[in-house]
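So the structure is just underneath, and the comments pick up after that.
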Amino acid sequence: MYVPLFRRRPARVNVGRYKPLPQDPIAPIDRVVEEGVLITASSVRMAIKNRVIVGALRDDLKFDAEALGKAAREEFLALADENTYTAKRLERLGHWAYSPGDANLGDPFVDEDEIDEEHRRRPQVHRALAEALKAEADNSERIRAIVEQARDDAWEEIGRELRARLRNTGYVRETDPKYEKMRAKRVKEFIKTDLARLRVTDD
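If you're matching positions, the sequence shown starts at 1285 in my numbering and goes up one per residue.
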């Protein structure tokens, strides 16, 4: 049987010239600010939810919508101050705040002009977000809605944990006469020993 000493290379396939995928245009500042407000509102709602849980389980406090609304406003204002500070810092640093093209160094298919523009407008974005967050803090309807949703989330979380804790008992209600008696004890143990799992500090 004849075996050729040299094998013929397969013919090259012309796959065409590489064309980079189109880059997404820089999002308008209004859209960036809108998304920032939504993210911040979610963070504020979670912070208020944690206050409700801690107040109910640790401090035995009644639900105080006015106090929680004030806390929500303070959260918005604190985050607005952070964005104002960031904008001032970036403006003070000027061109030292970023290095043109550093986000995609070495990538020949990235429009560095767009990257530079995104960096240059960062102070403007932070200032616009700060103003939007201040407006949220002054919106009483918005604050009320956040507090109500935080309350509902808190009770749902407490109830879910409590139901799970009470189910894991080893007692069968229909057959064990001690079930109801021990139920109150289990609730107290839950409040005492499982609070750490529910409590999220303001840190």
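Every residue gets a Cβ at the ideal spot worked out from N, C-alpha and C, and that includes glycine.
Predicted model, so just to flag it, every value in this text is computed and none were measured.
Query	Result
8 Å Cβ cutoff met for Arg1411 and Ala1371	yes
Segments assigned alpha helix (DSSP H), at least 4 residues, entirely inside the segment 1294-1379	1313-1341 and 1349-1377
Environment of Leu1322 [buried if 16+ CB atoms lie within 10 Å]	exposed
Stretch pair the segment 1350-1369 + the segment 1332-1339: three plus CB contacts closer than 8 Å	yes
Run of the alpha helix (DSSP H) containing Arg1411, from where it starts to where it stops	Arg1406 to Ala1421
Contact under 8 Å by Cβ, Ala1414 with Ala1364	yes
Neighbour-count burial assignment, Gly1390, 16 or more Cβ in a 10 Å radius	Here the model assigns Gly1390 a pLDDT of 46, short of 50, so the residue's position is not dependable, and the following value carries that caveat. Looking at its Cβ environment, which holds fewer than 16 other Cβ atoms inside 10 Å, Gly1390 is exposed.
Exposed unless 16 or more other CB atoms sit within 10 angstroms - verdict on Arg1357	buried
Member of Pro1309, Glu1318 and Arg1301 whose CA lies at the smallest distance from the CA of Val1409	Glu1318
Leu1417 burial status per 10 Å Cβ neighbour count (16 or more: buried)	buried
Cβ-Cβ distance between Ala1325 and Glu1420 below 8 Å	yes
Sequence-distant residues of the same chain with beta carbon closer than 8 Å to Leu1361, five excluded per side	Leu1417, Lys1418 and Ala1421
Assumed close pair Glu1375, Ile1310 - CB separation to whole angstroms, cut-off 8 Å	Glu1375 to Ile1310, Cβ: 19 Å. No contact.
Whether Ile1231 touches Val1328 by CB criterion (8 Å)	Because the chain here runs from 1285 to 1487, residue 1231 falls outside it and cannot be looked at.
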